[in-house]
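Working notes, structure below.
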Ligand SMILES: Cc1cc2nc3c(=O)[nH]c(=O)nc-3n(C[C@H](O)[C@H](O)[C@H](O)COP(=O)(O)OP(=O)(O)OC[C@H]3O[C@@H](n4cnc5c(N)ncnc54)[C@H](O)[C@@H]3O)c2cc1C
Ligand SMILES: Cc1cc2nc3c(=O)[nH]c(=O)nc-3n(C[C@H](O)[C@H](O)[C@H](O)COP(=O)(O)OP(=O)(O)OC[C@H]3O[C@@H](n4cnc5c(N)ncnc54)[C@H](O)[C@@H]3O)c2cc1C
Ligand SMILES: Cc1cc2nc3c(=O)[nH]c(=O)nc-3n(C[C@H](O)[C@H](O)[C@H](O)COP(=O)(O)O)c2cc1C
Ligand SMILES: Cc1cc2nc3c(=O)[nH]c(=O)nc-3n(C[C@H](O)[C@H](O)[C@H](O)COP(=O)(O)O)c2cc1C
Ligand code: FES
Ligand code: FES
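Residue numbers (our numbering), protein chains in the order written: chain S, 11 to 340; chain B, 11 to 340; chain V, 8 to 273; chain C, 8 to 273.
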């Protein structure tokens, strides 16, 4: 084979060349010190309001589950339509509806009492101090495996009404503030594409002590208009774009972050088929978030993707996903 | 009907209430002083390298055609794969391949000698001075109906390797520089979502004298990885996302610009069905660009969309698209 | 995709009582009895409603005014456009010998079930309960059909007393089949119990606060099993009811929080 | 979507001559003779190639080394993975009595056409031309088949002289049918002329620089008609050849510029 056609590394795992007796492969990954039996993570905001719902996703094959993002106060969110599927994904403008941190802490405790699967608690706030307070208040009451900081919420101080995620300095400050209250629990920052340079934001978070990054949040936002009543369909007019449409954006986001940081990445966005998860891993993801895919593929997507990944490892004679992570960087 | 269910304006055009004898509707729109027989515009970069190709699109029903973006020098562009369809749209990294302005001027002249359909000439450059020079050199030789300034090319001076489109000030300066050389030809600036605030960039262009805005260019960029050879598929690794996946982003972009500026908007992005064009018009577009839709729907998409829009006007008893433009803003 | 919004003009409005109307809509979707759609009033909100009928020429929903949305919907007139999505969830099976048991507006989906059973030539009986006659949709129709027995708490129509009064007789009068119930949760739980004791299957239509209808928002997940009422319900059989720990508790509201005390919200 | 990339291992490599090989690939797509695929060498480039065969167990392409890409492709060995997209464009019709006329590597798609004609039980004859024997793919096969006449400019195989020499006889020997041609453009234009004069239809496979294969980049649009060779071609009939003003001119290069002078680039 010409060196231009394929490298040895590529060859080592090409599905059609098994070398040596297959080792029973393991899908386990280490994410910021936490061991996940599968790299698949339930993304925040999907089936994440209650312990029982999270347990069901864990039972379906998720290696970790993330709660709905919670803030200091209970929020009812926007009126409906708040979630709008279209042929290529969906728009959501749930408006960060959540029962409040205290209620969520009770759900987290109930989940952890019954399930060993690691739970990632997601928080948001209105400002830097709010993030610190939210982290502190939650972690007084429960000990999630990981704390995820959703910085894709509007930063009221920003010039263009942009989310914190658009501002590397703000993300760094929030990371540091949350870390200071994190009681040693690893902190992942959930990034959005809505920023000048994802690599720059990711580095700012890493420098401020982030233990992991989650990328990406829903994209846009976007809008769909009903041509008969001539109005935006979402009650909130605009909503974040997720699902199959954004897979290429998520792959590139993970790719860019993998080159920019050393902390692990929970690659999220547009995974609706098992192969999509592998794309994110090859781009550099340690774990892979699934949200909208549950709508198009059902909860079965977790088991199907686990089986697909295990099969790939077995056929490639690879003991773990370590050999695949970031492998597309050549 | 309750006032909450529908406004009079909505009622006036609901497909199911024809009031008065139908006037023969016209699809003609005025775009920065130019009359287009149809609002549909061939987007830049698609079938836009030669006079004959542009003529064919005009014959298919486009109200105006845009050339491939041309620069001062000939460019071969990136190796292939440079255009990669996936189930929800496509990625392109053509690398601004173009024959150079002088060659393109000859194609424009050939087109205009044979076709009355307005032609939009698209230019790009490496820096502000380059834009002015490109505009000057092109307009010395030909007189397009409109000059489109593609600011979605990398701005080498930018901190994050961002395109000019990310920087409102740069866009304003480019607009002013091009306007100064435009010999009275209206100038449209082609915007990208890759900026902190599209409204802000749009206003900067308007303030600097832009006669129209085109939004949006392809999104991202994104990446797709082949899971077997474990490499990004595009030779350029990343490419702009276009097609059905981005329709909600284009609708919202036009919506935001319609509220921010008074100059007309060529709404572009993700139009693959006739209804999509109407969404962009209801969001505020005066004209509607079609690029990737030609791949999924064929050149027939122009005629089908013209027919659909004419039918809507006829059924609503509306004489022109003026009553629909921006109508979703309520 | 069926879950994408489509707007349709209302074809016809049928007023049953004050605050209780049926709406006929263009037959833009197929559905089974027990499945639901969401209705969007542009500029207002979007809410779930069971179908009360599906004929070749029209879909039907039946709406009771209970709050701001339903009150506005009840003002709608023929020709007004509403948005429609669905069908969502799982419905009733079509089983001969079924006993339908409805409470108030819960009789609406049972009306669709009765239509389908009739079309399939399957026998059934129907115990239609309500607090008072004014809460009973399709009263005239129900009065006419000999297979229907009406119960009202105040005796304003049919037999005075809860619908469960007629149940024991109905369950004893034929070979064990299925009890198809829709209505307030306490009634449904009583039906479940009665069916279990009589050796009948039960298919019961529950309600929870719903936002998405497609299994994502988590709003309608039942404590204990995590079952999503919008996808795996709203009609549950005994197996699907297993493990649920929140029967009879107040429902989680739009924030996801469950009110700490008081009776169930409906 | 068929136009999405899939990578496949090369099953078999068949060397015809130095710099002229066929590659057998897994049969991951259906195609008609005359249609083409693109082949991606990861890290190198992606280029268009006509199919030279489609059997139940394999697709076949036949490649002549002319530059950097084809030279690298010719180094590939069984098991190496290449990317495949397609099929693209429109191919030849299957018509009995067809006269196939190939020039050099242009005989590759004709080989696929001959396979399909055989499968359909349709008679044909084939004039296979090349500058020299070393430019002729499938030479051994062609030598064996009595329906094939070989022509080489230098006489190193078959009859010495251009393939057009045999054409007049072939067109006169049967009722008017179709000339199916693939090869250098001057040859194709001569075929077009000859067919026109003899009252035969012509279906001719042209080449232009191609980047996308799906009708978007504009690279392969023909001057005069704007016809996209990758979508409406590469095989054109007389109607599709109408109006084209660039026959015989140098082809537009990857920038879209047409070299101002000199002979056609191929
Ligand atoms: C699967 C399903 C089927 C239903 N079928 C019917 C039907 O056929 N006919 C009918 O009249 N009603 C039906 N409902 C109930 C109907 O959705 C509510 O009456 C309506 O949403 C009330 O809105 P409101 O603004 O008028 O009242 P509100 O004042 O907002 O609420 C009154 C009560 O209605 C319920 N409710 C409000 N919003 C929702 C929501 N988004 N999802 C679920 N419940 C809500 C709550 O119990 C609340 O306490 C159904 C509900 C569900 C979940
Ligand atoms: C529809 C079609 C079918 C073809 N079928 C075959 C075939 O069956 N077998 C075969 O050997 N060749 C075929 N070719 C030609 C083949 O694509 C070129 O030989 C190849 O791309 C050369 O690349 P290179 O890097 O080796 O040479 P280069 O040095 O890059 O180019 C040599 C010549 O090849 C042509 N060429 C290069 N790139 C392209 C391109 N992207 N698109 C079209 N032509 C190009 C040009 O004429 C150029 O002058 C076909 C071309 C087309 C358009
Ligand atoms: C209905 C819905 C609600 C969401 N809510 C949250 C949220 O509360 N917090 C958050 O960080 N991300 C939220 N997201 C974003 C997802 O976690 C995820 O980043 C995004 O949807 C992309 O992944 P997907 O394509 O797999 O859905 C939400 C997404 C959806 C679809
Ligand atoms: C193959 C391809 C090439 C493009 N080249 C250009 C270009 O040269 N200049 C430009 O301004 N936009 C270019 N675009 C962007 C389109 O003009 C358009 O803005 C974008 O594709 C979104 O519209 P669509 O979804 O209808 O394709 C290109 C798009 C494609 C798909
Ligand atoms: S309503 Fe959203 S999960 Fe059921
Ligand atoms: S190769 Fe791109 S249009 Fe034909």
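The beta carbon of each residue, even a glycine, is placed where N, CA and C say it ideally should be.
Keep in mind the model is a prediction, meaning the values are calculated, not measured.
Short-range partners of chain V found in the region 82-100 of chain S, where Cβ spacing is below 9 Å: 84, 85, 86, 87, 89, 90, 91, 92, 93, 94, 95, 96, 97 and 100
Expected contact under 8 Å - CB spacing of residue 127 of chain B and residue 192 of chain B to nearest Å: About 21 Å; that fails the 8 Å criterion.
Pairwise C-alpha distance: residue 267 of chain B and residue 197 of chain S: 38 Å
Cβ-based neighbour list, residue 195 of chain B, same chain, cut-off 8 Å, excluding 5 preceding and 5 following: 149, 153, 154, 155, 156 and 157
Segment limits, beta strand (DSSP E) that includes residue 68 of chain S: Looking at the DSSP string, residue 68 of chain S is not in any beta strand (DSSP E); the run it does join, the alpha helix (DSSP H), is 61-69.
Members of the region 32-64 of chain B that neighbour chain C once the beta carbon cut-off is set at 9 Å: 55, 56, 57, 58, 59, 60, 61, 62, 63 and 64
9 Å Cβ cutoff met for residue 302 of chain S and residue 275 of chain S: no
Segment limits, alpha helix (DSSP H) that includes residue 75 of chain B: Looking at the DSSP string, residue 75 of chain B is not in any alpha helix (DSSP H); the run it does join, the beta strand (DSSP E), is 74-76.
Nearest residue (CA-CA) to residue 5 of chain S, options S/224, S/101 and S/51: The question about residue 5 of chain S has no answer here: the residues shown for chain S are numbered 11 through 340.
Pocket of ligand 2 (residues with CB nearer than 5 Å to any heavy atom), chain order: C/43, C/54, C/55, C/56, C/57, C/70, C/71, C/73, C/74, C/75, C/76, C/77, C/112, C/115, C/214, C/216, C/217, C/241, C/272 and C/273
For residue 92 of chain C, the residue or residues it bridges with in DSSP: C/45
Residue 255 of chain V to residue 86 of chain S span [Cα, whole Å]: 22 Å
Straight-line Cα distance separating residue 98 of chain S from residue 254 of chain S: 6 Å
Boundaries (first-last residue) of the alpha helix (DSSP H) holding residue 150 of chain V: 146-151
Near ligand 5: residue 57 of chain S beta-carbon under 8 Å from a heavy atom: yes
CA-to-CA distance, residue 337 of chain S to residue 285 of chain S, given in whole angstroms: 15 Å
Cβ neighbours of residue 195 of chain C in the same chain (closer than 6 Å, five flanking residues each side left out): 188 and 211
Where residue 187 of chain V sits in the DSSP three-state scheme: strand
Contact with chain S by residue 256 of chain B, beta-carbon distance below 9 Å: yes
Residue-level contact to chain C via CB, residue 282 of chain B, 9 Å cutoff: no
Under the three-state DSSP convention, the category residue 234 of chain C falls into: coil
CB of residue 199 of chain C within 9 Å of CB of residue 258 of chain C, strictly: no
Own chain partners of residue 132 of chain S with C-beta closer than 6 Å, once the 5 adjacent residues on each side are dropped: 54, 76, 77, 79, 158 and 160
Backbone CA spacing between residue 77 of chain V and residue 143 of chain V [nearest angstrom]: 16 Å
Beta carbon proximity, residue 147 of chain B to chain C, threshold 9 Å: no
Any beta strand (DSSP E) of 3 or more consecutive residues that is wholly inside the region 268-320 of chain S: 275-278 and 297-300
Buried or exposed by the 16-neighbour rule on C-beta atoms within 10 Å, applied to residue 252 of chain C: exposed
DSSP three-state assignment for residue 265 of chain B, whether helix, strand or coil: helix
Beta carbon proximity, residue 259 of chain V to chain S, threshold 9 Å: yes
Backbone secondary structure at residue 80 of chain B - three-state DSSP: strand
Given residue 148 of chain V as reference, the closest of V/209, V/119 and V/65 once Cα atoms are compared: V/119
Extent of the continuous beta strand (DSSP E) to which residue 67 of chain V belongs: 65-71
Within chain S, partners of residue 176 of chain B - CB distance below 7 Å: 206
Whether residue 170 of chain C touches residue 91 of chain C by CB criterion (9 Å): no
Runs of beta strand (DSSP E) wholly within the region 82-137 of chain V (minimum 3 residues, chain order): 88-95, 105-110 and 131-137
Cross-strand partners of residue 159 of chain C (DSSP beta bridge): C/137 and C/167
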